[in-house]
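Those protein sequences? They're chains P and A, same order as listed.
Our numbering numbers the first residue of the first sequence as 53 and each following residue consecutively.
Our numbering numbers the first residue of the second sequence as 1476 and each following residue consecutively.
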Amino acid sequence: MKLETAKLRQWLLPWAYFFGLLIAVEIVLRLLQTPEYLLPLPSKVFAGAAAKIALISEHLGITFAEAILGFAVGNLCAVVFGFLFSLWRPIRQGFYPIVVGMQAVPIVAIAPFIQIWFGPGIMGKAIMAGLICYFPATVISTNGFARANRDGMFLLQSIGASQWQIFKSLRLPSAIPSIMSAFQVSASLCMIGAIVAELSGASEGVGYLIVRASYEFRTVDLFAVLVVTSLASFAFFKAVEFLSNVYASKYSFSYAAPVK
Amino acid sequence: MKVTSANSNVSASQLSYAYKLTTGESLAVLQDISLTVERGSFTSIVGPSGCGKTTLLLCISGLLAPTKGSVALDGLSPTIAREQHKIGYVFQKPVFFEWLSILENTLLPAKVAGVANGVDRARLLLDRFGLGGFAERYPHELSGGMLSRAALARALVHDPEYVFLDEAFNHLDEALREQINEMLQEIWLDRKMTVFAITHSISEAVFLADQVLVMSQKPSFVQLHRNIPFERPRPRSLLRDQRYLELVDEIRDALKATHTNET
Ligand SMILES: Nc1ncnc2c1ncn2[C@@H]1O[C@H](COP(=O)(O)OP(=O)(O)OP(=O)(O)O)[C@@H](O)[C@H]1O
Ligand SMILES: [Mg+2]
């Protein structure tokens, strides 16, 4: 009983603070009489979001599709590369530092080129989303595959396990907690990637809505799109986090501990 | 009527092993070890801590490649014997996959070897070692002693020809240890695997073995190779037999001598 209320509190408190902050902002803006094109009132933003929810959702769906596609392909490549790195030392020694270094490159800066190479369709956006996930996810999953310990390896070798059996029974399970963290990191990155790509040229998607609204100084619409997109992105992240924790808990006890 | 030829024994010749340390130096652990034991015999290995017993077993099973010399298991290279799933191993540090249940862990060698009735065999062995009720549990839910029994069951589940036991009974209390030793003897009498067992208990070493090897300080060699002549099956009353006690003393003295020679 007590535990339940504690949990509820833990869940409710951030939201209470968040809405408290919004109310404070609303009051301050009203007192200062800030013009709407500079910073709209939160109440107006929510009203605007509610009014245009159908339009926003439609475009959000497209962005979401691009992001998910990028998420899937980017992470798949990351896991495959992580595995290959764990198999062949020379490949890891040559490529891994490059992958680590690539994390320092502001991938979003190449969005205009992606626009040139792949045109305005959803393909270029998905590629951007995939790229932005790929580098951190590869680093994280490579570390995961490297976690297969020598004792487990000895055991499998002692019973004459094949490379494939070693992969199935040791390398992959050892890497799963890391692969799940890579998914979590990617879950928020992929939306950013897709939207950034849309900003540099698109005829649909929330990036397109944002560009349109900012050209026309429709600040309320701009913030409305931002709010809805953030909520959706947050929900996606939470879903991935929940699913991956449930799955990873089987493979790593220390990893699962913070969930409970 | 045992036939001894090059193809029916386990032999090491001029076996040496040195670890490459992270500092770049090399640490000589085994030095020119030559030994031959009959196929289907039970060998106990004793020696001072850190002398290289674990290293010797890893070399004989081919998990470590000797720096020098060679090993043959009934004429086969250890690598081939492993690939043919002929080896069962209990490691000194227990190894379990945390994400598999005890039954699944125990089953693993049978699965890898493609043994048809693996599940039945695994359950039978777990039952025999008193773990019947724990098959569905996970490794972190078992005590150290339970895990060492599960590790023994796993080492036997695929009916291997060579069994390596690296202090397999360390976590067991005296009574249970004797009980498990007796079961192991039973299984061994039935299947006649070639067994190498490292132990720190001299009386256990003598009770179980056809021969006891006493290793010297590192870089180590076989200081004493003593045959144990008692017939099988050996009853527990042997533990009070005069000849048995004399052998235990002899080996204890040999082991003590290794300590005084410490460099
Ligand atoms: N992986 C390793 N790298 C470097 N040195 C090692 C390694 N494993 C063991 N050694 C060293 O080799 C020597 C022999 O080790 P080993 O584990 O074979 O001894 P042992 O006889 O089994 O000892 P114990 O009875 O304590 O288990 C020790 O001095 C140890 O420090
Ligand atoms: Mg040892």
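We treat Cβ as the ideally placed atom computed from N, Cα and C, and that holds for glycine.
Keep in mind the model is a prediction, meaning the values are calculated, not measured.
Kindly indicate the opening and closing residues of the alpha helix (DSSP H) around Q1559(A).
Annotation for Q1559(A): no alpha helix (DSSP H) segment contains it, and DSSP assigns it neither H nor E.
Closest residue to F1682(A) among D1724(A), M1621(A), D1648(A) (Cα-Cα distance):
Ranking D1724(A), M1621(A), D1648(A) by Cα distance to F1682(A) puts D1724(A) first.
Output the distance between the C-alpha atoms of H1646(A) and S138(P), rounded to the nearest integer angstrom.
Between H1646(A) and S138(P), the C-alpha separation is close to 35 Å.
Among S301(P), I244(P), V272(P), A265(P), the one whose alpha carbon lies nearest that of S282(P):
Of the candidates S301(P), I244(P), V272(P), A265(P), the residue whose Cα lies closest to the Cα of S282(P) is I244(P).
Any C-beta of chain A under 9 Å from that of L81(P)
By this cut-off, L81(P) is not an interface position.
Would you say the beta carbon of M205(P) is closer than 8 Å to some non-hydrogen atom of ligand 1?
M205(P) has its CB no nearer than 8 Å to any heavy atom of ligand 1.
Listed in chain order, which residues are found with a beta carbon closer than 5 Å to a heavy atom of ligand 1?
In chain order, the qualifying residues are Y1494(A), V1504(A), S1524(A), G1525(A), C1526(A), G1527(A), K1528(A), T1529(A), T1530(A).
Euclidean distance between Cα positions of L1720(A) and I143(P)
Computed Cα separation, rounded: 60 Å.
With hydrogens ignored, establish whether the beta-carbon of Q1567(A) is closer than 8 Å to any heavy atom of ligand 2.
Indeed, a heavy atom of ligand 2 lies less than 8 Å from the Cβ.
For Q1489(A), is the classification buried or exposed, using 16 other Cβ atoms within 10 angstroms of its Cβ as the cut-off for buried?
Under a 10 Å Cβ-count criterion, Q1489(A) is classified as exposed, with fewer than 16 other Cβ atoms of the shown protein chains found around its own Cβ.
What residues are listed by DSSP as bridge partners for Y16(P)?
Because chain P in this structure spans residues 53 to 312, residue 16(P) falls outside the shown range and cannot be described.
List the residues of chain A that G204(P) touches, going by C-beta distances under 8 Å, in chain order.
Here the neighbours are V1570, F1572.
Buried or exposed by the 16-neighbour rule on C-beta atoms within 10 Å, applied to L67(P):
Per the sequence shown, residue 67(P) should be read as Trp rather than Leu. Counting Cβ neighbours within 10 Å, W67(P) comes out exposed, since fewer than 16 surround it.
4 or more residues per run - each alpha helix (DSSP H) lying fully within the stretch 72-143 of chain P:
Segments of the alpha helix (DSSP H) lying fully in the stretch 72-143 of chain P: 94-103, 105-139.
Between I174(P), I162(P), F197(P), A213(P), which lies nearest to G257(P) when the distance is taken from Cα to Cα?
Minimum Cα distance to G257(P) is reached at I174(P).
In chain P, what lies closer than 9 Å to F1566(A) by C-beta?
Result: D203, F206, L207, S210.
The stretch 252-266 of chain P contacting the stretch 103-120 of chain P, beta-carbon criterion three pairs below 8 Å:
Judged by Cβ distances under 8 Å, the stretch 252-266 of chain P makes contact with the stretch 103-120 of chain P, as three or more pairs qualify.
Span separating the alpha-carbon of R199(P) from that of L222(P):
Going by the C-alpha atoms only, they are around 9 Å apart.
Could you tell me if the beta carbon of E1642(A) falls within a distance shorter than 8 Å of some heavy atom in ligand 2?
Yes - ligand 2 has a heavy atom lying nearer than 8 Å to the Cβ of E1642(A).
Under the criterion of a Cβ to heavy atom distance below 8 Å, does I1673(A) qualify as lining ligand 2?
Because some heavy atom of ligand 2 lies under 8 Å away, the Cβ of I1673(A) counts as near it: yes.
Contact set between P225(P) and chain A, taken where Cβ atoms lie within less than 8 Å
Within 8 Å Cβ-Cβ: F1572, W1574.
Does the stretch 1579-1586 of chain A come within contact of the stretch 1629-1637 of chain A, defined as at least 3 CB pairs closer than 8 Å?
Flag = yes, the stretch 1579-1586 of chain A and the stretch 1629-1637 of chain A touch.
Against Y303(P), what residues of chain A qualify as contacts under a CB-to-CB distance less than 7 Å, listed in chain order?
Close to Y303(P), with beta-carbon spacing below 7 Å, are these residues of chain A in chain order: W1574.
Can you give me the start and stop residues for the beta strand (DSSP E) that I1703(A) sits inside?
First-last for I1703(A): undefined, no H or E at that position.
Does G1619(A) have its Cβ less than 9 Å from a Cβ in chain P?
Not a single C-beta of chain P is nearer than 9 Å to the C-beta of G1619(A).
Compute every distance between the C-beta of A103(P) and the non-hydrogen atoms of ligand 3, then say whether any falls below 8 Å.
The model depicted lacks ligand 3 and carries ligand 1 and ligand 2 instead.
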